[in-house]
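Residue numbers (numbering that gives the first Met the number 0): 0 to 761.
Positions of the beta carbon are idealized from the N, C-alpha and C atoms, including for glycine.
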Amino acid sequence: MQAHLFRGRRFRRYFLGLVAAVFHALVAVNGAFSAELPPMEGRENLALGRAVVFSPAPDYDLTGKGGSDATDLTDGKLTRREDRRIWFDSAAVGWSYGGRVNLAVDLGRSAQIDEIAIRLLGGSAQAGVSIPGWIEAFVSDDGEHYAKVAECSRWRDGDFKRFGVPDEAGEAWIHCLRFESLGVRGRWIGLRMYAGGLSAADELYVFGKAVEGEPGTSSSGDAADFTVTHPQPYFHKPEMVLATNVPAPVPIGVIVPPGAPTQEAVDLTLELPPGVELRGGRVGSAALEDIEKTSDGGNRYRFKTPVKSSSKTLGRLYLQAPGWEDGQEGKLRYRFTHAGWESPSQEVPVRAVTVPAAPGLKRIMAGLGWWSASDTAAWPEALDAWEKLGLNSFPLFGHWMKAGDALWKLVDEARDRGMFIVNIDSPLHRMMERRKKESEICCQFSDGTTGSKLCPSYRGQFYQEEVKRFADMMGRAKADFTSVDIELWGWRGPVDSRKCTRCQKDFEASGLESWEAWQVAKGDEIWRDLVSASRAAVAGAGGPQSEIGGYDFRPGNAYQYTWSVDHLYPVWMQSSQVSTYSCLYPYHLELIGNEVREDRRQLERSDVLPWLTPGDAGTFSGECLQWALLECYVNGARGVYFWSGRVWDAESLIAYNRVVRAIAPVEELIVAGELAGEAVSVDAPARVSGIRRGDEMLVLAADYFGRTDGTIKLRLSVPAAAVVRDLLTGQVVVEKIPAGDSAVAIDLAGQRGRLLHVSPIR
């Protein structure tokens, strides 16, 4: 019987292999690039037909259709989409804002493994649809204890080039990431990735040959904390930066595999080197469980907490390195246990930075964005830290802070320090949540049924209650800036309205010629209702009139075919708020600048407040955030919002500090200036952005892709003889350029770009 089953399995694997070989050959003939496929001839794919175990489970609905994720990566079937947008293909597997992702395959028997490969989506056809920032490979003899055998990481210079990863450029592509010449032995293989805004794959390969005998111990590599059977806490970056003079957050995430025994607590132990202090924070529901000294004089901290589901914010600890010098390096160690399983001790490289005090910006809004007042209260000496960093804005969610809440004292303290108060709310969504059983708020159909989305012509009792709720909340917050997030209908807008009897009557009464114009008119009406009521409430509370705008509301096409910046700016709406989010790759840095610049062209002033992310769509270095922020400011933004606050860390905040210190001397130029236009240009493949005011100009010259020889050729037009200074380094780059048009060679000095202040020689 066993022999019969073995022959059956062998036949099935042979059949699947034959089908896969034919399929791969057909795909190759029909135009797949060689980089999309590993060499197949004469090689056995040991993963073919094997189930994949995930932690956490893939969560993207379009790729998850049919419930076949467990076999999609090993069925030998590749996407047939010529546009390579495999996030629409159920033959792929996808993660939305996934963070850490683990997957493993049991090969069925011990094997000599030569190569592990996976076909990954990239290209940024939409801004956050990107290849993961780092990918690691593991092997195991028992499926419980793994060794790391390979890695490809954007955190290591040149890795993406060595692995042949194409540049992201706005078009979807598939790249087969190949870990070759491994020469390791094991029965299980694992892959660990850090996903972006959307990450997807459609096939996994393991090349090698099965070996006889019991599992050996020949698997090389370092013992790893990789697991697909237990919850796994993790840091969001492979290395850590700490400030010597400011407590700053270290976010800790966790992934939980389906079916894990979540009734058991996770026990996490951190060992901080001497001179590094834990200033505050929590991990899950646990504050400090235990503290003891390590043999080298550091501190060991223990946190024990139940974990029910995957989260990017299992915890947030506030670390500081007061006993370290600027630039000093060391290692943090950690391990964890769960349900009798213990990870090996792991090390994280740590580097210390001393943060110079930043001057306070007066007109540019610099803050954390999607961050609550309660999060601020948990940050030791938060307002002092923010002032040192150069953050001049206190963010809050006014809806969740009722009158009498103790957190208002912290808001008042921030206001007394001269900080902007920044409020974020989701009007109309609150009504939909609270009144979802009230059918009158939805579109009404002629057959007596109703839709599931808000009716744009509804103005009944619950609408009036929502307008009042928003106004009362604004009166409490008395914010200087307000951003509203209204995503009621999806990108197509209120499509039910044309079938709605109430909307049909309203459309007929409006006298408008098209439904498109009517939808925008209803959006204008709702917006004015909200703003009028809030202005009255704020005036009654003695607060300032808040500058208000909507998430991703831009000049031009109305957002969700309803919300028009063109109609409402500047009287009823004071900013555009383009969203690009991701700062991951060079393409994204250029996209951010281009989108901000396009909005600035259509506005009277520098009234662009774009939305970025500090890492929710994939984490990145502080340097990437630095260039992203500068692309915003030098293209006409006077502030930046962020979604969300889950992965803010010291490295990103220190980068923010560098930017604030650099732009402080030219704040008025940024806010009151105009796009430089033809006053500055650059030879391809470099890029340039600029703002000018009078005889001054601020220029960002960059080569994010590394396609020049390290020198950028600028052409500048100035009304008077000028000096050119790099505001990031303080260096005089060009002592004198004459009035008129000049060609200037700018040495990038090993950097991706230079922030140049062109000012007249006094």
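Asked                                                                                                 : Found
Own chain, CB closer than 6 Å to Gly450, minus 5 neighbours either side, in chain order               : Cys441, Cys442, Asp495
8 Å contact criterion, which Tyr317 and Gly280 should meet: CB distance rounded                       : 5 Å
Segment limits, beta strand (DSSP E) that includes Thr481                                             : 480-483
Exposure of Arg753, with buried meaning 16 or more beta-carbon neighbours within 10 Å                 : buried
DSSP-derived helix/strand/coil call for Glu622                                                        : helix
Endpoints, beta strand (DSSP E) assigned at His587                                                    : First-last for His587: 585-600, but that is the alpha helix (DSSP H), not the beta strand (DSSP E).
C-alpha distance - Glu630 paired with Leu588, whole-angstrom precision                                : 7 Å
Neighbourhood of Gln1 by C-beta, 7 Å cutoff - its chain only, sequence neighbours within 5 removed    : Because Gln1 sits at a pLDDT of 35, beneath the cut-off of 50, its placement in the model cannot be relied upon, and the following sentence gives the value as read from the coordinates. Within the same chain, Gln1 has no close Cβ partners at all.
Candidates Tyr640, Gln576, Thr304, of which the one nearest Gln262 by Cα                              : Thr304
Assigned exposure category for Arg108 - 16 Cβ within 10 Å defines buried                              : exposed
Limits of the unbroken beta strand (DSSP E) element including Tyr333                                  : 328-337
Within 7 Å, strictly: CB atoms of Pro232 and Val255                                                   : no
CB of Gly274 within 7 Å of CB of Gly322, strictly                                                     : yes
Cβ-Cβ separation, Leu120 to Val128 (assumed contact under 8 Å), whole Å                               : 7 Å
Own chain, CB closer than 6 Å to Lys498, minus 5 neighbours either side, in chain order               : Phe444
Span of the alpha helix (DSSP H), counted from its first residue to its last, around Leu382           : 381-388
Beta-carbon separation (whole angstroms), Leu197 vs Ser95, contact threshold 8 Å                      : 6 Å
For Ala286, three-class secondary structure by DSSP                                                   : coil
Residue of Trp187, Asp551, Glu150, Ala110 minimising C-alpha distance to Glu143                       : Trp187
For Ser456 and Lys763, believed in contact at Cβ under 8 Å, the rounded distance                      : Missing from the structure shown is residue 763; the chain here goes from 0 to 761 and no further.
Beta-carbon gap between Gly621 and Ala663 smaller than 7 Å                                            : no
Three-way DSSP call (helix, strand, coil) for Tyr560 in this model                                    : coil
DSSP-derived helix/strand/coil call for Asp374                                                        : helix
Member of Leu203, Gly185, Glu211, Pro237 whose CA lies at the smallest distance from the CA of Gly220 : Gly185
Unbroken alpha helix (DSSP H) run spanning Asp158, endpoints                                          : 158-161
Cβ pair Trp571, Val530 closer than 7 Å                                                                : yes
Boundaries (first-last residue) of the beta strand (DSSP E) holding Glu202                            : 197-209
Min CB distance Glu341 to chain C below 7 Å                                                           : The chain inventory of the structure shown lacks chain C, comprising one protein chain alone.
Lys762 versus Tyr193 - alpha carbon distance                                                          : Because the chain spans 0 through 761 in this model, residue 762 falls outside it and cannot be assessed.
7 Å Cβ cutoff met for Leu765 and Tyr558                                                               : Any answer about residue 765 is impossible in this case: the structure gives the chain only from 0 up to 761.
Contact under 7 Å by Cβ, Trp526 with Leu567                                                           : yes
Distance between beta carbons of Ile251 and Phe234, contact taken as under 8 Å                        : 6 Å
CB contact flag (Arg278, Pro248, <7 Å)                                                                : no
Anticipated Cβ contact below 8 Å, Ala320 with Ala351, distance rounded                                : 4 Å
Through-space distance from Tyr145 to Thr62, alpha-carbon basis                                       : 28 Å
Between the CA atoms of Ala721 and Trp626 - distance to the nearest angstrom                          : 25 Å
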